[in-house]
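S.K.:
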Amino acid sequence: MRSNRAFVAGFFAMASMVTGVGVHQFNQTAAEAADDCGTNSIVTSGTHGYEDITRHYNANTCGDFRAIFDHYWVKPTVQLGDRLINGVANNRGEIVADGRVVANNAASIGRHPINHSQPISIAGKTYYQTSHVGGQAFANPGGSLDVLVVLDSAGNFKYSVIKACGNPIYATPVPPPKPPVNDIQVCELATKEVITIKEDQFNPSLHSKNLDDCKEVKIQVCDLDTKTIITINEDQFDANKHSKNLEDCKEVLIQVCELSTKSIITINEDDFDTTVHSKNLEDCKDVLIQVCDLDTKTIITINEDQFDAQKHSENLEDCKAPEKLVVCELSTKKVITINEDQFDSAKHSTNLKDCESKCPIPGKEHLPVDSAMCEEPVKTPPTPPELPKTGAGDAIGAGVGLSAMGIAAYYFAASRRLF
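Just add 18 to the spot in the sequence shown (first one is 1) and you have the numbering used here.
1. Am I right that residue 166 and residue 178 are in contact with their C-beta atoms under 8 Å? What's the rounded C-beta distance?
2. Let me know the secondary structure DSSP gives residue 294 once reduced to three states.
3. Taking DSSP as the reference, what is the three-state secondary structure of residue 115?
4. Would you decide whether residue 335 is buried or exposed? Buried here means 16 or more other CB atoms lie within 10 Å of its CB.
5. Which of helix, strand or coil does DSSP assign to residue 200?
6. What are the uninterrupted segments assigned as beta strand (DSSP E) that are 3 or more residues long and contained completely in the stretch 62 to 118, given in chain order?
7. Would you mind sorting residue 171 into buried or exposed? The rule is 16 or more other CB atoms within 10 Å of its CB.
8. Use the C-beta contact count for residue 189: other C-beta atoms within 10 angstroms, 16 or more gives buried, fewer gives exposed.
9. Pair every Cβ in the stretch 376 to 394 with every Cβ in the stretch 356 to 363, then say whether three or more of these pairs are closer than 8 Å.
10. Taking 8 Å as the limit between beta carbons, can you name the residues of its chain near residue 370, skipping five residues before and five after?
11. Looking at C-beta atoms only, is the number of pairs between the stretch 156 to 164 and the stretch 135 to 144 that lie closer than 8 Å three or more?
12. Could you tell me which of 187, 218, 206 sits nearest to residue 197, measuring between CA atoms?
13. Does residue 377 come out as helix, strand or coil in the three-state DSSP assignment?
14. Quick one, are the C-beta atoms of residue 248 and residue 235 less than 8 Å apart?
15. Would you kindly report the start and end of the unbroken beta strand (DSSP E) that includes residue 266?
16. Work out the CA separation of residue 107 and residue 95 for me, nearest whole Å.
17. Using the C-alpha atoms, what's the distance from residue 348 back to residue 304?
18. Kindly indicate which three-state DSSP category residue 211 falls into: helix, strand or coil?
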């Protein structure tokens, strides 16, 4: 019995050395081999096809299969759009599939610790993750392992599982190389030439994928400046310069009234200018009107279009001779005759009495100067005391009496304007 066990152990050791696939996950005791969930392998029988993953996931082998595979994003079935590929995990930490490195820094999980492993917790249980870099997770550090690899539709790494033991791998995705950019032929709109560019250089404002857009299309148009029909490329058409209606190049002659000369002339319809012409030929007929010439105050006859409100008046009454007014010129106190339109209330008065001389005596200014009331009362001088009638006294008394009489005579004469 012991020899049989030794033979089996020797056989596995030799197989590991020959294939290079021996990893620490397979270094299990005979007691572990008897217990499917006591080995370092997550699935002792391995996951050689995706149907094995599906079967163990649905059965939840060992009671922790789902938790472990969910932790490493492994799905029970390949998702729509994803690709399942056979690959290899090497001792550089790379996962190679589809002819390229799809991930690096790979590390795989086991149930038991080995050299260089790190504990991780999944659903409350402790497992051990070991890096593939330098072959740390491999029994043969120079070996490699066959793996199942799942990529998304763009070729990006999603997850991987070791076939021999069902242990999932954590790895860093390496982006897939960009596909080569195809050359395409386009019409260069600016030059109307067919050119070849890279597909990612296509710009719809510069290029057209319709090569017919580079074919020249000739059209006839009316040149609006010269009124001639010309042929141009369709892409040269300018609505400000051209018309596709060739009838626009035909001359249309019309008769108009030239307002400056009052003469009827013939012009092209497109030369018509409302500031220079009138389509109403009646505007060229002379219309005579009578007006008052304000400078000469005479009635004259002019053309209606010669009327100037600064020089003429349509009210012929404005040419009548102005009425005369007799007024008092206040500054000179003279009675004068003026035109009615010259009257100025600050200079003139229609009350001729305003020119009569007024009484100069204070308080009697409202009276005419020749009014009987325009007199100052005569002041009678007081009678002097009687002096002795002797000698020189008689002479002085006589002189005083004469003086008093002279003063009275003066005031009387002054009141009558005798001087």
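Backbone N, C-alpha and C define an ideal beta-carbon position, used for all residues, glycine too. Note that the coordinates shown come from a computational prediction; the quantities given were computed from them, not determined experimentally.
M.R.: Result, derived from the coordinates:
1. 6 Å
2. coil
3. strand
4. exposed
5. coil
6. 101 to 107, 113 to 115
7. exposed
8. buried
9. no
10. 344, 345, 346, 353
11. no
12. 218
13. coil
14. no
15. Counting along the chain, residue 266 falls outside any beta strand (DSSP E), and DSSP gives it neither H nor E.
16. 22 Å
17. 52 Å
18. strand
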